[in-house]
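Position one of the first sequence corresponds to residue 35 (this note's numbering), numbered consecutively onward. Glycine included, each C-beta is placed from N, C-alpha and C at the ideal position. Model, not experiment: these values are computed from the prediction. Quick notes on the structure that follows.
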Amino acid sequence: MDSLSSLNPQQRTAAEHVNGPLLILAGAGSGKTRVIVQRIAHLLAEGHARPEELLAVTFTNKAAEEMRSRVQSLVGDDCSALWVSTFHALCARLLRREAPAIGFTRDFVIYDSADQLALMKQVLRELHVDDGLLQPRAALSRISNAKNTMEARSSLAESAAWSLRGEELVKIYDRYTAALREANALDFDDLLLKTVELFDTSDAVRTRYSSRFRFVMVDEYQDTNRPQYLLIQHLTARHRNLCVVGDPDQSIYKWRGADVRNILDFERDYPDAAVVQLEQNYRSTQMILDAATAVIRQNRHRTPKRLWTDRKGGARIVHFRGADELEEAAFITRTTRSVVAEGGDAVAAVLYRTNAQSRVIEDALMREGVPYRIVGGVRFYERKEVRDALAYLKLILNPLDDVSLRRIINVPARGVGKGVMDQLERLPVEHDSHDTPLLADALADEPPATSLWAKVGRAVDGRLLTTRATAALRAFRELIESLGEMAKRESLSVAISRVLDQSGYITDLREERSEEAQGRLDNLMELVSAAREFEMREPEPSLAGFVDRLSLLSDVDEEAGSRDARIWLMTMHAAKGLEFPLVVISGLEEGLFPHSRANGDDAELDEERRLCYVAMTRARSRLVLTGAARRRVFGEYQRTEPSRFLDEVPSELVDRIESPTLSGYQRADSGSGSRKGRYRSEPEHVPFSYEDEDQSVTPVRIGARVRHPTFGVGTVLSVEPLTDDLKLVVRFGVGAKTLRAKYAKLEPA
DNA sequence: GCGTGTCAGCTTTTT
DNA sequence: GCTGACACGC
35 MDSLSSLNPQ QRTAAEHVNG PLLILAGAGS GKTRVIVQRI AHLLAEGHAR
85 PEELLAVTFT NKAAEEMRSR VQSLVGDDCS ALWVSTFHAL CARLLRREAP
135 AIGFTRDFVI YDSADQLALM KQVLRELHVD DGLLQPRAAL SRISNAKNTM
185 EARSSLAESA AWSLRGEELV KIYDRYTAAL REANALDFDD LLLKTVELFD
235 TSDAVRTRYS SRFRFVMVDE YQDTNRPQYL LIQHLTARHR NLCVVGDPDQ
285 SIYKWRGADV RNILDFERDY PDAAVVQLEQ NYRSTQMILD AATAVIRQNR
335 HRTPKRLWTD RKGGARIVHF RGADELEEAA FITRTTRSVV AEGGDAVAAV
385 LYRTNAQSRV IEDALMREGV PYRIVGGVRF YERKEVRDAL AYLKLILNPL
435 DDVSLRRIIN VPARGVGKGV MDQLERLPVE HDSHDTPLLA DALADEPPAT
485 SLWAKVGRAV DGRLLTTRAT AALRAFRELI ESLGEMAKRE SLSVAISRVL
535 DQSGYITDLR EERSEEAQGR LDNLMELVSA AREFEMREPE PSLAGFVDRL
585 SLLSDVDEEA GSRDARIWLM TMHAAKGLEF PLVVISGLEE GLFPHSRANG
635 DDAELDEERR LCYVAMTRAR SRLVLTGAAR RRVFGEYQRT EPSRFLDEVP
685 SELVDRIESP TLSGYQRADS GSGSRKGRYR SEPEHVPFSY EDEDQSVTPV
735 RIGARVRHPT FGVGTVLSVE PLTDDLKLVV RFGVGAKTLR AKYAKLEPA
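Rendered as structure tokens:
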């Protein structure tokens, strides 16, 4: 069904392009994925390249998998030799082969953001930087920014807006970098930087890969950063068959170092480039496209483009403003539910600016029994127990990994507490390790003596600590060594089970006999299942490969909720590249969207607006914008003003609905008078009740029978006074629940 | 050394 | 409203 003849002339030109650089400027919904897939298929079918000579780069694993499967279904042949990968996974793969060329061993570990944070905390502690003065997160963000933009390390010294002296920051940077090296670890940013360094330093490597990849394609090119740009330059140096696809209006990752100039200057980089503009939108109605266009038009510094659709007319945009976020959530529930009621396989998306917004919406959907799926922000792999398990695996693979060692040396408790750790750290560094270059150290049989692992060894062999501490450390060393041996013999999933078992982790949780512990056990079982799945899918499953995969899993690669749910929740960032018949964009309030962090910064406001454009153009037929007149932030209610983006949508395209519970002064059209358009009450729905800030809490006694909207009728087991509220434990049919009297919406039963 | 409880700080967006 | 850091008691 899908074939070249199904493409429009521009799409076809792009798909049939073979040699030389190609820039595809693809407006929202213009079918760019189809074009890339068709082009790959075309190159293969016409014999221009074998699968292993093609490289396609995306930003998420999900996008990569989808691309591979679409090529697969088009070509029919086995496409496993195709390189379809994220930037980071590509770099990890290259470095696993070539790491020694830049002074790392092949068994380096990847530090994800949690590892980075742990390492930075350690660094700040070592340098005696008061973390009140410089939060570890802030330091990391500054360093990451420097790496992503490849600014010189010395430029950190000139950070004027910094609460700490610039030279301090340089010191922190240096120590952090050194600590990564000593741990034989690379952080996310390093994966890119070190790969660029690899290509810069090794002619052999550069020749090998730039010869190999005859054709390279990069999706979402407007969101590439400097190291990614350089990496692509290296990879395409030989054949120059680079095809990039993107849309400057959809650049939304500047905060991560993305530089839209990469796409804007493509024709300067490649004067001989063919340029194709995809301007027909196949996705949205005219109504939606008009609204989105009107918003993005407000941005300064942009090249206007003519995006058009033949889906004339369409339903008007709906804007609902509730009294608070609970009303907003209730409205969203009713609206999206209609999609479920229609049957078929249509999906509605609920988009928000910040992950924190999902909670209220989830609650509302759950209360109504509407199944939903949440994309990103799920953090299965950030759960404590999963991270602990991962830390064991990382340590087995690379004993130099201090962050992982620190994490699990006393989990479960085995008598190595703070006291022992302090003494261990204070062990003098062995003599020769000081001036030996890291390369030699890392390649030597013995790990560098600076690592905690080495110190454990030294403390045990030399009996440098108390008998008790020595015994505990010896047991730990033997455990890790034997697990390491075992992991070499056993399959991946068996190895993980054994690690959990022999470390005492499972036993410890089992003995707890709490619901929480059971949940953790379930999560660990899920990790083992993930390993089993990995074994079946990968041609050569290895522990290192599995750990890499987990480290490089992006947020949007993770999902939770019912698999077949037809309501999807995600951030607007996560929605990039997707489309839905119905899209709800929530939280259209000043300070939330556009986010307050962008306030007063025109460039950042432009980026928020592009994000709004991305979100709006996800909609095929219906677009609903929602907000609330007040919203709880950190538990406190705050009044909000409607988002400026609402003003930017022509009022004749919008049906406005206001909650009947909004009081006069909260109404948007009574104040400045700037907001036009008629408001009407939402038809066919009952006004909501919600509690006021100053509402007193109804007294509840132990033994009272109460009714809860979700859990039904129950008995109050305990009452505990809090400031302004009561904490209740109530036994329902489904079990005991802890509730706050103020929010639980209990009625006497 | 370990487990529990309290309090503060926190939230953009993500590879 | 949740998480992590620290303080306290055993």
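Asked                                                                                                                    : Found
V667, buried or exposed, once every other Cβ within 10 Å from all chains shown has been counted against 16               : exposed
C-beta atoms of A493 and L513 nearer than 8 Å                                                                            : no
Residue span of the beta strand (DSSP E) that contains R664, given as start and end                                      : 653–667
For T211, the three-state DSSP class (helix, strand or coil)                                                             : helix
Buried versus exposed call for P694 [16 or more other C-beta atoms within 10 Å across all chains shown]                  : exposed
Cβ shell of L534 (< 7 Å), same chain only, five flanking positions each side left out                                    : A423, I540, L558
Boundaries of the alpha helix (DSSP H) in which D542 is found, first to last residue                                     : 539–546
Backbone secondary structure at E754 - three-state DSSP                                                                  : Interpretation of E754 is limited by its pLDDT of 49, a score under 50 that renders its predicted location unreliable; the figure taken from the coordinates is listed afterwards. Correct three-state label for E754: strand.
Residue burial classification, P575 (beta-carbon count within 10 angstroms, cutoff 16)                                   : buried
Unbroken beta strand (DSSP E) run spanning P43, endpoints                                                                : Unbroken run through P43 is the alpha helix (DSSP H), 43–50; no beta strand (DSSP E).
Residue range of the unbroken alpha helix (DSSP H) whose run includes I366                                               : 359–376
Cβ-Cβ distance between E794 and R532 below 8 Å                                                                           : For the chain, the structure presents residues 35 to 783; residue 794 sits outside this window and is missing.
Bounding residues of the alpha helix (DSSP H) (the contiguous stretch that carries F300)                                 : 300–303
G54 vs A308 beta-carbon contact at 8 Å                                                                                   : yes
Endpoints, alpha helix (DSSP H) assigned at D495                                                                         : 486–495
Coarse secondary structure for A439, derived from DSSP in three states                                                   : Here the sequence assigns Leu to residue 439, which means Ala is not the residue at that position. If DSSP states are grouped into helix, strand and coil, L439 belongs with the helices.
L153 to I74 span [Cα, whole Å]                                                                                           : 42 Å
DSSP bridge partner residues for D221 (one or two, in chain order)                                                       : Y145
Burial state of V463, where buried means 16 or more other Cβ atoms lie within 10 Å                                       : exposed
Environment of V71 [buried if 16+ CB atoms lie within 10 Å]                                                              : buried
Span separating the alpha-carbon of E606 from that of Q45                                                                : The sequence shown places Met at residue 606, not Glu. Distance between the alpha carbons of M606 and Q45 is about 27 Å.
Boundaries of the alpha helix (DSSP H) in which A4 is found, first to last residue                                       : The chain is shown from 35 up to 783; residue 4 falls before or after that span and cannot be answered.
For L341 and S685, the rounded distance between their alpha carbons                                                      : 21 Å
Coarse secondary structure for C277, derived from DSSP in three states                                                   : strand
Pick from R131, L78, F142 that is closest to A115, judged by C-alpha positions                                           : L78
DSSP bridge partner residues for N259 (one or two, in chain order)                                                       : A292
When V310, A326, F142, I430 are compared against F222, the one with the closest alpha-carbon                             : F142
Assigned exposure category for G634 - 16 Cβ within 10 Å defines buried                                                   : exposed
The region 370–389 in contact with the region 344–362 per 3-pair CB rule at 8 Å                                          : no
CB-CB length for T229 against C113, believed under 8 Å                                                                   : No, T229 and C113 are not in contact; Cβ-Cβ is about 24 Å, not under 8 Å.
F247 versus K181: straight-line alpha-carbon distance, rounded                                                           : 26 Å
Cut-off 6 Å between Cβ atoms - residues of its own chain near C646, not counting five sequence neighbours on either side : V329, F679
Anticipated Cβ contact below 8 Å, A135 with L232, distance rounded                                                       : 6 Å
I430, DSSP secondary structure in three states                                                                           : helix
Coarse secondary structure for S119, derived from DSSP in three states                                                   : strand
Whole-angstrom C-beta distance between Q320 and T337, which should lie under 8 Å                                         : Between Q320 and T337 the Cβ distance is about 22 Å, and since that is not below 8 Å, they are no contact.
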